[in-house]
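First up is the structure itself, then whatever we jot down about it.
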Amino acid sequence: MHPKLGPVTAALPDDALPAVLNESAFWPFEPKSIEEAGVSEMVLESVTLQIFLAVGTLTGRALTERIKMPYRIIEQLLAQLRVRQLIVHARPAPLNDFYYSLTENGQKRALSYQAICSYTGPAPVPLMDYLLSVDAQASSFEAITKDRLVESLEGITYDPAWLDFIGPAINSNSGIFLYGPPGNGKTTIAKCLAACRGEEIWIPHAIIDDGMIIKFFDSAYHQVSNRPISHSGLVTDQEHDRRWIRVRRPTVVVGGELTMEHLEMRHDPRSNTCEAPIQLKSNCGCLLIDDFGRQRMEPAELLNRWIIPLENRQDYLNLPTGKKLCVPFEQIILFSTNLQPESLVDEAFMRRVPFKIQIADPTSEEFMELFRRACEAYEITWRPQVVEELILKQYKKFNRAMRRCHPRDLLHQVRCLCTYRNERMELRSDDLEIACNNYFGNQPIASGSNRNPAAPAPQSAPVGSPRLELPVRQGDRLPDGLKSPSRSTLAEAAQRGTTIGSASSPSGYADGASNPEATYRLTAVRPIPAGMIPPLPQPTASQLNSSVNPMQAQ
C-alpha cells in the first residue's frame, strides 16, 4: 500500500495513483490533456457552451480563467466545437486569440445541457483525486509540541496549566468537548487549534463522481492563500492545477442553525448539482459545533450521526443517483456548549469524545491583561486604575461574572460614545459606567442568575391564582346569560382550574358607572411571581349584589 494512503483509499490499485504525492504533501500538477485531468469531454463541453450562453461573446483565455483548465486544453476543445459548428469566431483578440460566440446549433445544444445540469463553474476534479489529497494532507499533520501551542495561542490569555489538557487533545485527532460560560472565546480557541495543524492545504472548486457535480469550495469557510508555492520552492502560478485552491486549514463554525440536512449531500434540483456537507468542507481542518445542545434537533440525533465517523475516521454520503460514497472524516471536531457534557449525551458517545475541557471565566489578572490588549488595539492609553475601579464597581459589587469578551465589547461602546460626543477616545470611568449600563441593561446580574441580587426574591403565587385578561370597556355587549360573579365565586372557580367568563351587570352591558373597567375575565394559571399578577379591580356594588350563575369553562 502506498505510504500516503489512508483507510478510504487503501483499496485503490497502485496504477490509479497520479503523480501528485511527493515526500511531504499533496501537489496538484497541471494536467497536460483531458484524459489526465480525469474529466470527460462532455462535461467540459457542457460547461463551455453554457458559459457562452450566459455571457455571449468570450475569448479563449477568458474562458480558461472561468473553467480553470490549461489554455492548450481549452484551445483544443474550442477547435473541436468550431468543427462541429457549435461556436464561431466573432472577431480577433489580442495574443493570437479570438472572441467566440454560439451558433444557432450551439444555443440549442447549450439549452439541452442546461436542462440536464446547469453548472457553469470551474471544471470538477475526480473524487479519487480528492480522496488522495485528504489522505496526504491529513497524514502530514505534525505532532503539536507545547512551544508550538503557546505560539498559536499568543493572541489570547489562559491559565498555563490549561495547556497540558488541550495539547494532548489536539494530538489525539479525536473529538473534544469545550464547555463553559458563553463569551470566553471558545470559537477563537477553535481557530487557533486549527492553525496549529499547519498553514495551508489544497482543496478543489468542485468534485465529480457518478456524473454528479459536488460544489466544494465555500468562501464562508475557506480563506484563499495569496499565491501558491510550488513543490520546488519557487513562486509560480503555472505549475499547479488551477481547479485546486490553496487555502488556510478551514475552521467551520455552525451553531443553532445546524440541522441534519447540513450533514448530508444537499441536492439542488434546479441545477442538478450537490453541495458538500460541512464535515466534508472541514476536512484537514477544524469543525466547531457551537452552542451544542441548543440546535433544533435533539443532541442524541446529532451525535448518533457521527458515532461511526468518530470511531472509523470515515463517513458515508448518498448521491441523488443512489450511489453511496465513502469519504474521509479527518478533522478536529469540537463541541462547544454552555452546559455540562454529561447532561447532553450518553456514556456511549462520551467514550468516543474522550476529551472534555473547561473554558473558565478569566481571573482578575487575566481580565486586566485582556483590557490592556483591547486598549492597545483601540490605540487608547492604558490606565490600570480605571479598570480596577470598573472591576470593583461593576463586577465585584454585583457579583457579576467576568467574561473574556467584555473588554473588547465595552471599549467598542466607549468608542461609539466618544464619536457621538466628538471627543477624544480615552479610558475614563464615567464613559465605562455608561458603557456598562448599555451593555448589561443597567441590571447587574449575579453569576449563574438572571436577577439583581439587591432586589427581593420574587414570591410565587399559589397554584390557581387568578390572572386578569382582556378588560371590557363600558358599553360593550356581553354574551347572553353572563352575570356578575362574586369574589368568592371567582376564587372557587380559580381553584377548580376553570375559566370565568366576563362579569357583567344583569342588564347584559358592562357596568361602568363607578368603574369603567370593572368587567374582567379570569382564569386559573400555573404559579407565577406575585409581582407579575396585576391587582384585581374592585367590583362595583351591582356586581357584589348580583345573583351568581354557574359559569362554563372557556
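Residue numbers in the sequence shown follow the working numbering, run continuously in steps of one, and reach 559 at the last position. Using N, Cα and C, we set each Cβ at its ideal position, and we do this for glycine too. Quick caveat, the model's predicted, so the values are computed rather than measured.
Please state whether the Cβ-Cβ distance between residue i and residue j is less than 9 Å.
i	j	result
CYS279	PRO314	no
ILE338	LEU293	yes
VAL358	ALA305	no
ILE575	LEU132	Outside the displayed span of the chain (6 to 559) sits residue 575, for which this structure offers no information.
ASP296	ASN343	yes
ALA440	ASP246	no
CYS289	ALA98	no
PHE360	PRO209	no
HIS227	VAL258	no
ILE194	ILE218	no
ILE362	PHE182	yes
LEU198	MET270	no
PRO299	GLY260	The sequence given here has Arg at residue 299, not Pro. Contact flag set, yes.
PRO165	ASP366	no
PRO75	PRO36	yes
HIS220	ALA281	A small fix is needed here, since residue 220 is Lys in this sequence, not His. Yes, the Cβ-Cβ distance between LYS220 and ALA281 is below 9 Å.
VAL419	ARG409	no
GLN399	PHE334	no
PRO127	ARG71	yes
LYS196	THR150	no
THR162	GLU371	yes
ARG254	ARG318	no
GLY188	HIS411	yes
GLY180	PHE340	yes
LEU308	LEU263	no
MET373	GLU393	yes
PHE31	GLY111	no
LYS3	ARG248	Because the chain here runs from 6 to 559, residue 3 falls outside it and cannot be looked at.
TYR184	PRO389	no
In the DSSP assignment, find the alpha helix (DSSP H) that holds residue i and state where it starts and stops.
i	result
VAL88	76–88
LYS328	First-last for LYS328: undefined, no H or E at that position.
LEU54	46–60
LYS402	Run containing LYS402: none; DSSP gives neither H nor E here.
PRO412	411–426
ARG263	Here residue 263 turns out to be Leu, not Arg, going by the sequence shown. That residue, LEU263, is in no alpha helix (DSSP H); it is neither H nor E in DSSP.
PHE354	352–357
GLU40	39–42
Per DSSP, residue i is paired with what?
i	result
ASN442	DSSP output for ASN442 lists no bridge partner at all.
CYS380	According to DSSP, CYS380 bridges with nothing at all.
PRO274	For PRO274, which the question treats as bridged, DSSP gives no partner whatsoever.
TYR184	THR342 and GLN363
ARG253	GLU205
SER106	VAL93
MET217	ASP214
GLU280	LYS220 and ARG271
THR64	TYR104
HIS245	PHE34
PRO131	ILE213
VAL392	Paired residues: none, contrary to the question.
ALA225	In DSSP, ALA225 forms no bridge with anything.
ALA98	ASP102
List the whole-angstrom C-beta distance separating residue i from residue j, where the pair is believed to meet the contact cut-off of C-beta under 8 Å.
i	j	result
ASP102	GLY65	5 Å
ARG429	CYS423	7 Å
TYR124	SER224	Not quite, the Cβ-Cβ distance comes to about 17 Å (not below 8 Å), so this is no contact.
ILE78	LEU68	At roughly 11 Å, the Cβ-Cβ gap does not stay under 8 Å, so ILE78 and LEU68 are not in contact.
LEU63	TYR105	6 Å
THR53	LEU82	6 Å
GLU431	THR386	7 Å
LEU437	LEU395	5 Å
LEU586	LEU154	Residue 586 lies beyond the residue range present for the chain, which begins at 6 and ends at 559; the question has no answer from this structure.
GLN55	ALA141	The pair is not a contact, with the Cβ atoms about 33 Å apart (cut-off 8 Å).
GLU108	VAL88	Note on identity: in this sequence residue 108 is Thr, with Glu being the wrong assignment. Not confirmed; about 12 Å, so no contact.
Examine chain C for any beta-carbon lying closer than 9 Å to the beta-carbon of residue i, and answer yes or no.
i	result
ARG153	Given the protein chain composition of this structure (a single chain), no chain C is represented.
Inset, instruction - At 4 residues or longer, and completely inside the stretch 286–350: list those alpha helix (DSSP H) runs for me, N to C. - result: 304–310 and 312–317
Whole alpha helix (DSSP H) elements within the stretch 138–182, 4-residue minimum:
151–157 and 168–177
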